[in-house]
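Participant: Chains as they are written, first to last, in this note's numbering: chain Y, 1 to 246; chain R, 1001 to 1393; chain P, 2001 to 2338; chain X, 3001 to 3160. Here you go, one structure.
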């Protein structure tokens, strides 16, 4: 699921028609300016709101900050939106849905990672069920740091995104280099449940594994796992009643 | 004696339903504007009437319990801030009280009174947020609900400002620790609290008036009826249980902090429906306002944290055993089942089980939804006030 | 003046006015909601945020046009074309101005096509409005849009009945199906909903029922269950992107404006009012604007009804009431009280 | 008479309640114990907590043979609460060497999701539960994360 962070230069098909029309080439720069102005000033937001940052994001839409000032409306369906704000921790169970929702958004689209959980996973980073940063799932344009960021930082983040869109359209910005974590990402070895390409034997094996509780005995994952979390004998000895003294 | 309809069997086989019916399976969530986060409900609809509802939590499972096994007691508090992100103060208190009970630490009186004030302020803030999002569910994001939400967020900001004065943080405070509090009351804080209480009190009446209209009543009355016996069996606590007519509040029935110093009047409503839960929460806000006013006059002097050095881990060496501590958060009984002695030095929990009130509340949707219309899903779910960070942990 | 020239001379300004009005209405609504909610609303784009609708429209035109894989492509693309067309067509018969006729009497003019059966034209077009919404809901092949479309059809065909019934009350009073005649009657005998004659009582109740039914037809809170965001996310518009979604939004605002104008014409005298006749257009704009503000005031203050409660209200209250109103109006006219 | 004394008459319990931890009862008395408590007024279902105790090698004393490995075990603690003024909790544990414990679903409907969660995270199967599926983790997840032999940063393709 490595993310393609290549330059995204989506152009509406109407541009082609406009450019072919005689006498319009001079006007194109002006038209471009107007279109750029409209694109930056009407950033409709799709809130991918999962946890704490969601509350601060709502606060940003409420009285004190009010992101509606710069024309940002929150719409609950991805089809109407330009910016996806990922606010909160994304888990392994949720990540495929985020990817799907991102793909349902129409181009041109941007993504903002709000809060340290969405940026890197924060202190849940190393936990089995948490995605270490949403930029391993979708390409991120602006990071808003904080845990959670203050509501006014959301407004600032949107304004930074406006700057980025302007510079991208004017051709003065370059895409950042790929994050090392993203480059190291591996493709899913096994297809997910429900995928027609998934080996049916695999499903049966996993089913059995969880049924007879033979966890950690014969799966590849157990071999790869570093046993940081495994209990030591001293730990176990501390627990009353676990060590059979007889 | 009020009679309730027969209990729904949430495990009934959908194949056995009327074969003539044209059923539609509709997935709500995990990304849906009204599921309060990332909850997913699978609905089987006959027309617009719900035949069966199946809940799927877990889209925000962050492995907090596993993480706590790797951290020492003092390191766990900031994790707990993120867990019920609408009421972080009471979360910190819940887990720290479990540690104090296991380690045998005494909390100074000043810290106890301060904790009570913080808990009550947090209760007002949390219920204000709930009121806003509940009306948002009924009234829509472009509608009357949004207007009320903006108002309640204005008042919630005032309380967050108070917390920011005290701890320096808007949201995740990390102000409690085993044995006491970190941040002492700053100068002028009491006056600021009084000013905020005076500002909020008249506005609560306005919100009551905004909700006292026929549309709100027909949308909430007799919707999501939860009989008292089922509420107890499901382990409902807090406003959901009291909205089912059961007079149970840990602040009065099993006092902790400084609740034995004040007389807590428990709001109970035996309507058992969404409207009853709404009434209980609004009455609780007024009661909390009164409690904070009363407690502000009785803050004693003295230290805010126990004399034992909490940062030294050596003293926790003997911390073994298993304790359960539950306190009354805005959503109900937040309990911590703690098995001590995980680390080599005994400074970390061996196993820490959080008892989230929201998980119990949200489990009730399978019982409450069948028989209702599609529009009632959001009303019922909103009235249960689930916080997904707490449900999934 | 030939009918074609007449239609162009009045129709082009009317369409421009309606389109511009709808654009300003989006800006105004957001500012108004902001003011109601102790926040600002759009205020950075252009002076006082006035260019916000322009930016939104231009942005929507630049967006990618997505048709879902499983959607019915033809119907999906066809559906957004109809709503604005139907709404503007129904605005064609509404008289927006007043003049002095050849015999010195008051005459309501300014309609693009002053049909003698104006009210029938409006009502039949309003009846057609459910089709594009149903087509959109069906074609997108999404369960939420399907539910929304079904709700729209149920609500549309139910609320048409009280709407048509109560529209018959001014028709019975004026004895004509022409909107100009209805306005002229009101200029002579006082507004239908607001005058000292005994018929005003019936007229006022009829105006209320008609206004409620038009709210339901235009999908405004508290009757906006087809587009209930908290349940159905965005109703039939869930799958539409870019300018197609924009056209749906535009049609919603147009529909609200036309519903306000129609209520003003039928029950509040339309372009008639105190003062000389050339003020008629100002009166018309003022009344339409006032009703428009009222609709949005209601929208940002009230909650939403449930779909079965909506049907209950229609079939148990509004339909019997409107039948009674029609009978009462007939009795009043027969008895010579109106 | 305290609730503990009442229960001691019917069940085989120690003379005094153990200090600092809940009482342990045999697994075959689990449901009967819960029924007795529910009849005695502990009607509010609070929580269930399963814990995993893996097989470990205890420390050997100097010059002695190392003691035998402990057997792998699971503990399931259940907490109930009485309602109203003077509310108190009662907790008890069952300790099993095979992770199978009878369900309390027939007594407390709330045990449904709680026991599913414990099955999902710790891997204790609750017998006769009507719907023993995973609650938190995806349906195709391998293993039970809160078991002690499950590493916290277990590899999850494609992220780690």
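Virtual Cβ for every residue (Gly too), placed ideally from N, Cα, C.
(1) Going along the segment 2014–2046 of chain P in order, which residues come within less than 7 Å of chain Y, judged by CB to CB distance?
(2) Identify the continuous beta strand (DSSP E) that holds residue 3049/X and give its terminal residues.
(3) On the three-state DSSP scale, how would you describe residue 3008/X?
(4) What three-state label does DSSP hand residue 1236/R in the structure shown?
(5) Taking residue 2241/P as part of the alpha helix (DSSP H), name the residues at either end of that continuous run.
(6) In chain order, what residues of the same chain lie with their CB nearer than 8 Å to the CB of residue 223/Y, ignoring the 5 residues before and after it?
(7) Are the beta-carbon atoms belonging to residue 2008/P and residue 2162/P less than 7 Å from one another?
(8) Out of 3126/X, 3120/X, 3135/X, 3040/X, which one is the CA nearest neighbour of residue 3146/X?
(9) By how many angstroms is the C-alpha of residue 1090/R removed from the C-alpha of residue 1383/R?
(10) 7 Å is my cut-off, CB to CB: does residue 2312/P come that close to chain Y?
(11) Comparing the C-beta of residue 1021/R with each C-beta of chain P, is any distance below 7 Å?
(12) By the criterion of Cβ-Cβ separation under 8 Å, what are the contact partners of residue 2228/P in chain R?
(13) Kindly indicate which three-state DSSP category residue 92/Y falls into: helix, strand or coil?
(14) Is residue 1037/R close to chain P, meaning its C-beta is less than 7 Å from at least one C-beta of that chain?
(15) Mapping DSSP to helix, strand and coil, what is residue 1028/R?
(16) Does the Cβ of residue 3055/X have 16 or more other Cβ atoms within 10 Å, making it buried, or fewer, making it exposed?
(17) Suppose the cutoff is 7 Å on Cβ atoms and the five residues either side in sequence are ignored; what does the same chain contact list for residue 1289/R look like?
(18) Which residues in chain R have a C-beta closer than 7 Å to the C-beta of residue 3021/X? List them in chain order.
(19) Residue 2177/P and residue 2117/P: beta carbons closer than 7 Å?
(20) Just to check my reading of the structure: residue 1264/R and residue 1247/R have Cβ atoms closer than 8 Å, yes? What is that Cβ distance to the nearest angstrom?
(21) So with Cβ pairs under 7 Å, would you call residue 2145/P a contact of chain Y?
(22) Indicate whether residue 2296/P and residue 2238/P have their beta-carbon atoms separated by less than 7 Å.
(23) Return helix, strand or coil for residue 1320/R, following the three-state DSSP convention.
(24) Quick one: using the 10 Å Cβ neighbour count with 16 as the cut-off for buried, is residue 2035/P buried or exposed?
(25) Taking only beta-carbon positions, decide if residue 124/Y is within less than 7 Å of chain X.
(26) For residue 1355/R, go through chain X and note every residue whose CB falls closer than 7 Å to its CB, in chain order.
(27) Kindly list the residues whose CB is nearer than 6 Å to the CB of residue 2333/P, restricted to its own chain and excluding five residues on each side of it in sequence; keep chain order.
(28) Below 8 Å on C-beta distance, what does residue 2245/P contact in chain Y?
(29) Using a Cβ-Cβ distance cut-off of 7 Å, determine whether residue 41/Y contacts chain P.
(30) Is the distance from the Cβ of residue 962/R to the Cβ of residue 1181/R below 7 Å?
(31) For residue 1113/R, which residues from the same chain have a beta carbon less than 7 Å from its beta carbon, with the 5 sequence-adjacent residues on both sides left out?
(32) Taking a contact to mean a Cβ-Cβ separation below 7 Å, would you say residue 1392/R touches residue 1057/R in this structure?
(33) To which residues of the same chain is residue 1153/R closer than 7 Å at the C-beta, ignoring the five residues directly before and after it?
(34) If we ignore side chains and look at the alpha-carbon of each, how far apart do residue 140/Y and residue 112/Y end up?
(35) Give the interface partners of residue 130/Y over in chain R, defined as CB-CB distance under 8 Å, in chain order.
(36) Mind listing the chain R neighbours of residue 3088/X? Cutoff is C-beta to C-beta under 8 Å, in chain order.
Facilitator: This is what the structure gives:
(1) 2030, 2034, 2037, 2038, 2039, 2040, 2041, 2042, 2043, 2044, 2045
(2) Along the fourth chain, read from residue 1 onward, the residue named residue 3049/X stands at position 49. Counting along the chain, the beta strand (DSSP E) containing residue 3049/X begins and ends at 3044–3053.
(3) Residue numbering aside, residue 3008/X sits at position 8 when the fourth chain is read from its first letter. In the structure shown, residue 3008/X sits in a helix (DSSP, three-state: H, G or I).
(4) Taking the second chain and counting its residues from 1, the one referred to as residue 1236/R is at position 236. In this structure, residue 1236/R counts as coil in the three-state DSSP scheme.
(5) By one-based count along the third chain, residue 2241/P stands at place 241. Run containing residue 2241/P: none; DSSP gives neither H nor E here.
(6) One-based indexing of the first chain puts residue 223/Y at position 223. Residue confidence is low: residue 223/Y scores 39 on pLDDT, short of 50, so the model does not pin down where it sits. No coordinate-derived value is stated.
(7) Position 8 of the third chain holds residue 2008/P. Position 162 of the third chain holds residue 2162/P. Taking 7 Å as the Cβ cut-off, residue 2008/P and residue 2162/P do not qualify as a contacting pair.
(8) Against the fourth chain, residue 3146/X aligns to sequence position 146. Comparing Cα positions, the closest option is 3120/X.
(9) Here residue 1383/R refers to the residue found at position 383 when the second chain is read from its first residue. Here residue 1090/R refers to the residue found at position 90 when the second chain is read from its first residue. Looking at the two C-alpha atoms, the distance is approximately 20 Å.
(10) On the third chain, position 312 is the one that residue 2312/P refers to. With 7 Å as the cut-off, residue 2312/P does not count as an interface residue toward chain Y.
(11) In the second chain, counting from the first residue as 1, residue 1021/R sits at position 21. Closer than 7 Å: no.
(12) The sequence position of residue 2228/P within the third chain is 228, counting from 1. Neighbours of residue 2228/P on chain R, chain order: 1140, 1375.
(13) In the first chain, residue 92/Y corresponds to position 92, counting from 1. DSSP places residue 92/Y in coil when its eight states are reduced to three.
(14) Here residue 1037/R is taken as the residue at index 37 of the second chain, counted from 1. Not an interface residue.
(15) Against the second chain, residue 1028/R aligns to sequence position 28. Three-state result, residue 1028/R: strand.
(16) Start at 1 with the first residue of the fourth chain, and residue 3055/X comes out as number 55. The residue is exposed, with fewer than 16 neighbouring Cβ atoms inside 10 Å.
(17) Position 289 of the second chain, counting from 1, holds the residue named residue 1289/R. Contacts found: 1124, 1197, 1200, 1201.
(18) Within the fourth chain, numbered from 1, the residue matching residue 3021/X stands at position 21. Going along chain R in sequence order, the residues near residue 3021/X (Cβ under 7 Å) are 1321, 1322.
(19) Position 177 of the third chain holds residue 2177/P. Position 117 of the third chain holds residue 2117/P. Yes, these two residues count as a Cβ contact at 7 Å.
(20) For this step, residue 1264/R is matched to residue 264 along the second chain. For this step, residue 1247/R is matched to residue 247 along the second chain. 12 Å between Cβ atoms; not a contact.
(21) In the third chain, counting from the first residue as 1, residue 2145/P sits at position 145. Chain Y contact via Cβ: absent.
(22) Against the third chain, residue 2296/P aligns to sequence position 296. Against the third chain, residue 2238/P aligns to sequence position 238. Not a contact, by the Cβ cut-off of 7 Å.
(23) Here residue 1320/R refers to the residue found at position 320 when the second chain is read from its first residue. In this structure, residue 1320/R counts as coil in the three-state DSSP scheme.
(24) As a first step, residue 2035/P is located in the third chain; it is residue number 35 there, counting from the start. Residue 2035/P is exposed by the Cβ-count criterion.
(25) Residue mapping note: residue 124/Y aligns to position 124 of the first chain, counting from 1. No, its Cβ sits nowhere closer than 7 Å to a Cβ of chain X.
(26) Within the second chain, residue 1355/R is the residue found at index 355, counting from 1. In chain order: 3046, 3047.
(27) Position 333 of the third chain, counted from the start, is the residue given in the question as residue 2333/P. Cβ within range, chain order: 2172.
(28) Counting from 1 along the third chain, the entry for residue 2245/P is found at position 245. By Cβ distance, chain Y contributes 79, 80.
(29) Here residue 41/Y corresponds to residue number 41 of the first chain, with the count starting at 1. True, the Cβ-Cβ gap to chain P drops below 7 Å.
(30) Residue 962/R falls outside the range modelled here, since chain R spans only 1001 to 1393, and no answer is possible.
(31) Numbered from its first residue, the second chain carries residue 1113/R at position 113. Same-chain partners within the cutoff: 1258, 1295, 1298, 1299, 1300.
(32) Within the second chain, the letter at position 392 stands for residue 1392/R. Within the second chain, the letter at position 57 stands for residue 1057/R. Yes.
(33) One-based indexing of the second chain puts residue 1153/R at position 153. So the qualifying residues of the chain are 1132.
(34) For the purposes of this step, residue 140/Y is taken as residue 140 along the first chain, with counting starting at 1. For the purposes of this step, residue 112/Y is taken as residue 112 along the first chain, with counting starting at 1. Going from the Cα of residue 140/Y to the Cα of residue 112/Y covers about 6 Å.
(35) Taking the first residue of the first chain as 1, we reach residue 130/Y at position 130. Near residue 130/Y (Cβ distances below 8 Å), the residues of chain R are 1062, 1063.
(36) The count along the fourth chain starts at 1 and reaches residue 3088/X at position 88. Residues of chain R passing the Cβ test: 1254.
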